[in-house]
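Worksheet for the structure shown next.
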Amino acid sequence: MAHSLRHAGWLDSIRRHGVLPACLAALALLAGCGTPVSVRTVDQRVEYQRLARNAMSFEGLSEETRNVLRRRALLETFERRPADGIAAMHARVVAGQDEPGELFALAEMSYLHGRGRGGAPHLLAAALYAYGHLFATSRSDATEAFDPRFRQALDLYNLALSEALTAPGGGPEGGRVAIASGRYPLPFGSIDITLDEHSIEWGDGRLSDFLPASRMQVSGLENLYRRAGIGAPLAVRTPAPAAEVSGGGTPVAVAADEDTPAVAPDPLRPGRGVRVAGRFRVPGTAVLVLEEPARQLRGGELHGTLALHMMFDAAAVSIAGRRVPLEYRPSAAFAEGLAESNLWSQELRAFLFGSLLDQMPSQLVALAPHRPGRIPVVLVHGTASSSSRWADMVNDLISDPVIEANYEFWFFTYATGNPVPYSALQLREALAASMAALNSPTADPALGQMVVIGHSQGGLLTKMMAIDPGDRLWSEVSRRPPEALGLSPHSLDLIRRAFFFHPVPQVRRVVFIATPHGGSFLTEFGIVRMISRLITLPVAVAQVGVEVLSGDPEAAGLVPSGMRMGSLYSMLPGSSFLRALRPIPLAPGVTGHSIIAVRGDGPPEGQSDGVVAFDSAYLPGMASTKIVRSSHSTQSNPNTVNEVRRILLTHLREACGTALRCTRPPDMASR
Numbered sequence: 000m001a002h003s004l005r006h007a008g009w010l011d012s013i014r015r016h017g018v019l020p021a022c023l024a025a026l027a028l029l030a031g032c033g034t035p036v037s038v039r040t041v042d043q044r045v046e047y048q049r050l051a052r053n054a055m056s057f058e059g060l061s062e063e064t065r066n067v068l069r070r071r072a073l074l075e076t077f078e079r080r081p082a083d084g085i086a087a088m089h090a091r092v093v094a095g096q097d098e099p100g101e102l103f104a105l106a107e108m109s110y111l112h113g114r115g116r117g118g119a120p121h122l123l124a125a126a127l128y129a130y131g132h133l134f135a136t137s138r139s140d141a142t143e144a145f146d147p148r149f150r151q152a153l154d155l156y157n158l159a160l161s162e163a164l165t166a167p168g169g170g171p172e173g174g175r176v177a178i179a180s181g182r183y184p185l186p187f188g189s190i191d192i193t194l195d196e197h198s199i200e201w202g203d204g205r206l207s208d209f210l211p212a213s214r215m216q217v218s219g220l221e222n223l224y225r226r227a228g229i230g231a232p233l234a235v236r237t238p239a240p241a242a243e244v245s246g247g248g249t250p251v252a253v254a255a256d257e258d259t260p261a262v263a264p265d266p267l268r269p270g271r272g273v274r275v276a277g278r279f280r281v282p283g284t285a286v287l288v289l290e291e292p293a294r295q296l297r298g299g300e301l302h303g304t305l306a307l308h309m310m311f312d313a314a315a316v317s318i319a320g321r322r323v324p325l326e327y328r329p330s331a332a333f334a335e336g337l338a339e340s341n342l343w344s345q346e347l348r349a350f351l352f353g354s355l356l357d358q359m360p361s362q363l364v365a366l367a368p369h370r371p372g373r374i375p376v377v378l379v380h381g382t383a384s385s386s387s388r389w390a391d392m393v394n395d396l397i398s399d400p401v402i403e404a405n406y407e408f409w410f411f412t413y414a415t416g417n418p419v420p421y422s423a424l425q426l427r428e429a430l431a432a433s434m435a436a437l438n439s440p441t442a443d444p445a446l447g448q449m450v451v452i453g454h455s456q457g458g459l460l461t462k463m464m465a466i467d468p469g470d471r472l473w474s475e476v477s478r479r480p481p482e483a484l485g486l487s488p489h490s491l492d493l494i495r496r497a498f499f500f501h502p503v504p505q506v507r508r509v510v511f512i513a514t515p516h517g518g519s520f521l522t523e524f525g526i527v528r529m530i531s532r533l534i535t536l537p538v539a540v541a542q543v544g545v546e547v548l549s550g551d552p553e554a555a556g557l558v559p560s561g562m563r564m565g566s567l568y569s570m571l572p573g574s575s576f577l578r579a580l581r582p583i584p585l586a587p588g589v590t591g592h593s594i595i596a597v598r599g600d601g602p603p604e605g606q607s608d609g610v611v612a613f614d615s616a617y618l619p620g621m622a623s624t625k626i627v628r629s630s631h632s633t634q635s636n637p638n639t640v641n642e643v644r645r646i647l648l649t650h651l652r653e654a655c656g657t658a659l660r661c662t663r664p665p666d667m668a669s670r
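So for the sequence shown, numbering that gives the first Met the number 0 puts the first residue at 0; every next one is plus one.
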């Protein structure tokens, strides 16, 4: 009763003083504030972006790392004094008090600070912390695949290592990655890095110029590929050829008349086999390995081994008893190599000046030294073109792990204005020299399964690797044998090699892409004929013409149309050369395929690709004929690339049934 009276008195007092409305308003305000925890609905992509962001994608830490720092009361310290925050976290590592996730946090903190004022020591520390997180003894393979921090730790390791070893810009080494032994400073001590010297050997030379592929933004290629794994991805420059020949200037030419091209004083130099492309960029990656990283991180003196890995040699590396895939950026490396080369600038000059490319140490080049078990795919470009035109196709094909593991790509470059038999002779003898040097196929059966792919005029050269013409080609030049023409020994030898030959025994499959088996209607245009008179031929070729024409044409039994030199005359519709070449069948044991480009819809008959008509490109007796809706430059068309991929996989399946030892994944038969 007393309590009720006191309560009633309290209410009377509130009413008497007129404060009841104010009290009620205050209570309502307090109720409206609610709890400090709330949830609002957002687009799921917004929340995903918040969870996925990290020090590599924006100027801040990931939510996981921020959680770690909050639990240790170090977030504010790091934001104000990054080095102090990192040192405090590192002290926990030294004391053995670090918990799962703290090495990742240190890696991210060090990377962010290293990108700012911390510099190379903190970047290198970031790579070491990330490595420790990746290869912690407590880590479970069963769960790491589901933890986004594992992939982020790989990226932190790759990017931080690349940046830590990249020299600052300004000097001759600016922007290049230093692959070398040495002592490198760290925020908490130093690390002695020992380079695996064997890893930088490449063919007969050593690799020494490394660009960070992680800094490269590529344009001009249809597709960009990355092989995710461990390592600082690099665009590695191959060493110069051991006997590099300088050259490339415009040859001095002798005046030409209407039908006889000018003559440049450069002899034929046959017999040069395939060589690794010198001064080109190929994909590599650098990996720094530490033994017992957790133990080493607790000390101040660390030791590691740095090794270079090349994509054409290794797909994975063994670390701490685990097989780890290697990181490569093949598209970036190839794009950089093409950008640095002068292949595009040589296309027109090599078309006009027939001796220009004879000055090269080799016209048949490969991206890498031959690896036993890999089948050569020889790519032959077309008129007024270069090997650079295969860039998109090769970029796509080597992204297929089956093709990359079983094939290697060779590129034949030639002066496309020269007579087709002469260019085919150069290719045939380059292949023969390569096989002799590689002891094929005795040493390696894969070399006996060669595939040759030619585009446009290159398809004509390709066919001439796989036929036995007898005297059919020469009969369109003269009705008499060359021995009866009174030629010099040099000219007679050249004619025999260019017109009387056997198929290359190692060539087992050929692919013709937009090939003018019946000629190109474009060569009939007046402007094209005018250009053909500007073409300069090598002395060896022109000398043959001079000797043959110096006698009595009737006594020599000459066929007038057959004596016109230069590739454009050879590719005239109805030319005597094509009349002889087209019906010659492929040699027994050689399989042929056609890829024919036509523009527009509807039946392909009567259509063209703008340069070659369908009827000209069609060749009976092929194992397959693929029609692609495309212009003449169809090498980068996805349907063309997919057809070449299909052909190569088919060839591999059939070759694997022979003595050839193949890398054949279980699912290959279903592809």
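Note that the Cβ used here is the ideal one computed from N, Cα and C, for glycine as well.
Consider the C-beta atom of residue 91 and the heavy atoms of the ligand ZN; say whether any pair is separated by less than 8 Å. The ligand ZN is absent from the structure shown, which contains no ligand whatsoever.
Notebook entry, point to check: Measuring CB to CB, does residue 324 end up less than 9 Å from residue 228?
Noted result: Here residue 324 refers to the residue found at position 325 of the sequence shown. Here residue 228 refers to the residue found at position 229 of the sequence shown. Taking 9 Å as the Cβ cut-off, residue 324 and residue 228 qualify as a contacting pair.
Taking all protein chains shown into account, decide if residue 120 is buried (16 or more other Cβ within 10 angstroms of its Cβ) or exposed.
By one-based count along the sequence shown, residue 120 stands at place 121. Counting Cβ neighbours within 10 Å, residue 120 comes out buried, since at least 16 surround it.
Would you mind reading off the limits of the beta strand (DSSP E) that contains residue 451?
Along the sequence shown, read from residue 1 onward, the residue named residue 451 stands at position 452. That run of the beta strand (DSSP E) goes 449-454.
Q. Looking only at its own chain, which residues have a Cβ that is under 6 Å from the Cβ of residue 423, when we skip the five neighbours before and after it?
A. Start at 1 with the first residue of the sequence shown, and residue 423 comes out as number 424. Around residue 423: 460 and 463.
How is the alpha helix (DSSP H) around residue 671 delimited, first residue to last?
-> Look at the range of the chain in this structure, 0 to 670, and you will see that residue 671 is not part of it.
Just the C-alpha distance for residue 107 and residue 449, rounded to the nearest angstrom, thanks.
-> In the sequence shown, counting from the first residue as 1, residue 107 sits at position 108. In the sequence shown, counting from the first residue as 1, residue 449 sits at position 450. Looking at the two C-alpha atoms, the distance is approximately 49 Å.
Taking residue 284 and residue 202 to be in contact with their CB atoms under 8 Å, please state how far apart those CB atoms are, rounded to whole angstroms.
-> Locating residue 284 in the sequence shown gives position 285, where the first residue counts as 1. Locating residue 202 in the sequence shown gives position 203, where the first residue counts as 1. Actually they do not touch by this definition, with Cβ atoms about 19 Å apart.
Margin query: Helix, strand or coil for residue 671? Go by DSSP, reduced to three states.
Written below: No information on residue 671 is available, as it lies outside the stretch 0 to 670 that the chain covers here.
Given a threshold of 16 other Cβ atoms within 10 Å of its Cβ, counted over all protein chains shown, does residue 131 qualify as buried or as exposed? Residue numbering aside, residue 131 sits at position 132 when the sequence shown is read from its first letter. It counts as buried.
In terms of residue numbering, what span does the alpha helix (DSSP H) encompassing residue 128 cover?
-> For the purposes of this step, residue 128 is taken as residue 129 along the sequence shown, with counting starting at 1. Unbroken alpha helix (DSSP H) run through residue 128: 119-133.
Which first and last residues belong to the beta strand (DSSP E) in which residue 419 is found?
As a first step, residue 419 is located in the sequence shown; it is residue number 420 there, counting from the start. That residue, residue 419, is in no beta strand (DSSP E); its alpha helix (DSSP H) goes 419-437.
Checklist entry - Taking one C-beta from the region 471-486 and one from the region 605-621 each time, how about it: are there three or more such pairs within less than 8 Å? => result no
Check your understanding: For residue 442 versus residue 272, is the C-beta spacing smaller than 9 Å?
Key -> The residue labelled residue 442 in the question sits at position 443 within the sequence shown. The residue labelled residue 272 in the question sits at position 273 within the sequence shown. Not in contact: residue 442 and residue 272 (Cβ atoms no closer than 9 Å).
- Query: Is DSSP giving residue 655 helix, strand or coil here?
  - Reply: Here residue 655 refers to the residue found at position 656 when the sequence shown is read from its first residue. Coil.
If you draw a straight line from the C-alpha of residue 90 to the C-alpha of residue 58, how long is it? Walking along the sequence shown from the start, residue 90 turns up at place 91. Walking along the sequence shown from the start, residue 58 turns up at place 59. When rounded, the distance between both Cα atoms is 25 Å.
- Cβ neighbour criterion (16 or more within 10 Å) applied to residue 47: Here residue 47 refers to the residue found at position 48 of the sequence shown. Per the 10 Å Cβ criterion, exposed.
Q) Whose CA, out of 98, 330, 393 and 496, lies closest to the CA of residue 640? A) Against the sequence shown, residue 640 aligns to sequence position 641. Comparing Cα-Cα distances from residue 640 to each of 98, 330, 393 and 496, the minimum goes to 393.
Taking residue 374 and residue 654 to be in contact with their CB atoms under 8 Å, please state how far apart those CB atoms are, rounded to whole angstroms. For the purposes of this step, residue 374 is taken as the residue at position 375 of the sequence shown. For the purposes of this step, residue 654 is taken as the residue at position 655 of the sequence shown. Residue 374 to residue 654, Cβ: 7 Å. Contact.
Nearest to residue 451 by alpha carbon, out of 431, 376 and 514? Mapped onto the sequence shown, residue 451 falls at position 452. Considering only alpha carbons, the answer is 376.
Notebook entry, point to check: In the structure shown, what three-state DSSP assignment does residue 64 receive?
Noted result: Here residue 64 refers to the residue found at position 65 of the sequence shown. Three-state result, residue 64: helix.
Checklist entry - From the DSSP output, which residues share a beta bridge with residue 623? => result What you label residue 623 is simply residue 624 of the sequence shown in a count that begins at 1. Answer is 592.
- Task: Look up residue 509 in the DSSP assignment and give the residues it is bridged to.
- Result: Taking the sequence shown and counting its residues from 1, the one referred to as residue 509 is at position 510. 451 and 591.
Smallest Cα separation from residue 627: which of 646, 512, 575 and 619? Numbered from 1 along the sequence shown, position 628 holds the residue referred to as residue 627. Ranked by Cα distance from residue 627, the first of 646, 512, 575 and 619 is 512.
My parser needs the beta strand (DSSP E) runs of 3 or more residues fully inside the region 354-408; what are they? 363-365 and 374-379
How is residue 218 classed by DSSP in three states: helix, strand or coil?
-> Indexing the sequence shown from 1 puts residue 218 at position 219. Reduced to three states, the DSSP call for residue 218 is coil.
>> Is it the case that the region 290-300 contacts the region 84-102, given that we only count it when at least three CB pairs across the two stretches are under 8 Å?
In response: yes
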